[in-house]
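Student: Attaching a single structure in structure tokens format; questions to follow.
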Amino acid sequence: MQQKIRVLVAKAGLDGHDRGAKVVAATFRDAGFEVIYTGLRQTPEMIVTAALQEDVDVIALSILSGAHMTVFPRLLKLMKEQGLDDVLLTGGGIISDEEVKKLMDMGTGRLFQPGASLHEAVDYIRNWRMAQRH
Ligand code: B12
Numbered sequence: 002m003q004q005k006i007r008v009l010v011a012k013a014g015l016d017g018h019d020r021g022a023k024v025v026a027a028t029f030r031d032a033g034f035e036v037i038y039t040g041l042r043q044t045p046e047m048i049v050t051a052a053l054q055e056d057v058d059v060i061a062l063s064i065l066s067g068a069h070m071t072v073f074p075r076l077l078k079l080m081k082e083q084g085l086d087d088v089l090l091t092g093g094g095i096i097s098d099e100e101v102k103k104l105m106d107m108g109t110g111r112l113f114q115p116g117a118s119l120h121e122a123v124d125y126i127r128n129w130r131m132a133q134r135h
């Protein structure tokens with residue numbers, strides 16, 4: 002049997018907007034992913050440690066606080082330091098088109114903005130995983 006895709010849904014810093022993260026977690030679970038939710042107020046260090054301990058394929062950060070230009074680069078740096086080169090960092094939230102582009106250029110995966118189709122996010126993760134295998 003094919004192994005389930007393991008996803009860590011994460012919230013960072015003082016961002017208390019957890020509605021989106023919960024919707025994302027539920028959608029991913031319904032799609033058959035193994036989902037671990039960090040809960041609120043995690044540091045990037047805590048998120049990367051959880052990703053290591055839980056041996057996830059994907060870190061999915063939901064961020065609506067405006068701190069995305071700090072948190073995503075920090076996660077990328079820590080992931081690199083911890084050797085999580087084969088882990089996808091994706092996410093979404095209140096992020097402008099320009100910033101989405103900048104962050105993706107830095108090395109994040111696709112980032113999803115308000116109104117984004119979560120089925121598209123599910124397909125994106127499945128396709129990424131398939132491509133990983135080849
Ligand atoms: C509801 C809400 C709140 C609620 C939060 C309730 C909760 N438990 O979540 C309450 C009232 C508590 C709140 C408080 C605050 N809020 Co507020 N809030 C909103 C609001 C109106 C809707 C957010 C929401 O729940 N949307 C519904 C969910 C389902 O959508 P979503 O999270 O965006 O997720 C979608 C996509 O973004 C994407 N997505 C998101 N994450 C991820 C992750 C992955 C992996 C993927 C694939 C996709 C994805 O997919 C989802 C589905 O399409 C937004 C404005 C808006 N229209 O977005 C402001 C907004 C986010 N809030 C804002 C602010 C400023 C605040 C406060 C600071 C206000 C204050 N001065 O007190 C506080 C902060 C509290 C805190 N500790 O964080 C600002 C943020 C500004 C910024 N980032 O630049 C916004 C944008 C309002 C505005 N226009 O100014 N808020």
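Residue 2 is where the sequence shown starts when you use our numbering, and the numbers rise one by one after that. Every residue gets a Cβ at the ideal spot worked out from N, C-alpha and C, and that includes glycine. Here the structure is a predicted model, which means the values were calculated and not measured.
Any residues whose CB sits closer than 6 Å to a heavy atom of the ligand B12? List them in chain order?
Tutor: Listed along the chain, these residues meet the criterion: Leu15, Asp16, Gly17, His18, Asp19, Arg20, Gly21, Val24, Val25, Ala61, Ser63, Leu65, Ser66, Gly67, Thr91, Gly92, Gly93, Gly94, Ile95, Phe113, Gln114, Pro115, Gly116, Ala117, Leu119, Ala122.
Student: Is Gly17 closer than 8 Å to Leu41 when the C-beta atoms are compared?
Tutor: Within the sequence shown, the letter at position 40 stands for residue 41. Within the sequence shown, the letter at position 16 stands for residue 17. Their beta carbons are under 8 Å apart, which means Leu41 touches Gly17 by this criterion.
Student: With a CB to CB cut of under 8 Å and the five nearest residues on each side skipped, what residues in its chain are close to Leu104?
Tutor: To locate residue 104, count along the sequence shown from 1; it is residue 103. These residues qualify, in order along the chain: His69, Met70, Phe73, Pro74, Ile96, Leu112.
Student: Mind checking which residues open and close the alpha helix (DSSP H) that includes Ala122?
Tutor: Indexing the sequence shown from 1 puts residue 122 at position 121. First-last of the alpha helix (DSSP H) with Ala122: 119-134.
Student: I think Met47 touches Leu77, with their Cβ atoms under 8 Å apart; what is that distance to the nearest whole Å?
Tutor: Locating residue 47 in the sequence shown gives position 46, where the first residue counts as 1. Locating residue 77 in the sequence shown gives position 76, where the first residue counts as 1. Their Cβ separation, rounded to whole angstroms, is 16 Å, which puts Met47 and Leu77 out of contact at 8 Å.
Student: Give the secondary structure of Ala32 by DSSP, where H, G and I count as helix, E and B as strand, and everything else as coil.
Tutor: Stepping through the sequence shown from its first residue, residue 32 is reached at position 31. Three-state result, Ala32: coil.
Student: Comparing alpha-carbon positions, which option in Gln133, Gly94, Leu90, His135 lies nearest Ser118?
Tutor: Residue 118 sits at position 117 when you count from the first residue of the sequence shown. Answer by Cα proximity: Gly94.
Student: Use the C-beta contact count for Thr44: other C-beta atoms within 10 angstroms, 16 or more gives buried, fewer gives exposed.
Tutor: Sequence index remark: in the sequence shown, residue 44 carries index 43 (1-based). Exposed is the call here.
Student: Mapping the DSSP letters down to three states, classify Val57 as helix, strand or coil.
Tutor: Your numbering for residue 57 matches position 56 in the sequence shown. It is coil, neither helix nor strand.
Student: If we ignore side chains and look at the alpha-carbon of each, how far apart do Pro115 and Val59 end up?
Tutor: Along the sequence shown, read from residue 1 onward, the residue named residue 115 stands at position 114. Along the sequence shown, read from residue 1 onward, the residue named residue 59 stands at position 58. Those two C-alpha atoms are separated by around 20 Å.
Student: Quick check on the burial criterion: 16 or more other C-beta atoms within 10 angstroms. Buried or exposed for Leu15?
Tutor: Along the sequence shown, one-based indexing puts residue 15 at 14. Label assigned to Leu15: exposed.
Student: When the distance is taken between beta carbons, is Tyr38 closer than 8 Å to Ala13?
Tutor: Within the sequence shown, numbered from 1, the residue matching residue 13 stands at position 12. Within the sequence shown, numbered from 1, the residue matching residue 38 stands at position 37. Not in contact: Ala13 and Tyr38 (Cβ atoms no closer than 8 Å).
Student: Quick check on the burial criterion: 16 or more other C-beta atoms within 10 angstroms. Buried or exposed for Met80?
Tutor: Here the question's residue 80 lines up with position 79 in the sequence shown. Classification of Met80: buried, given that the 10 Å Cβ count is 16 or more.
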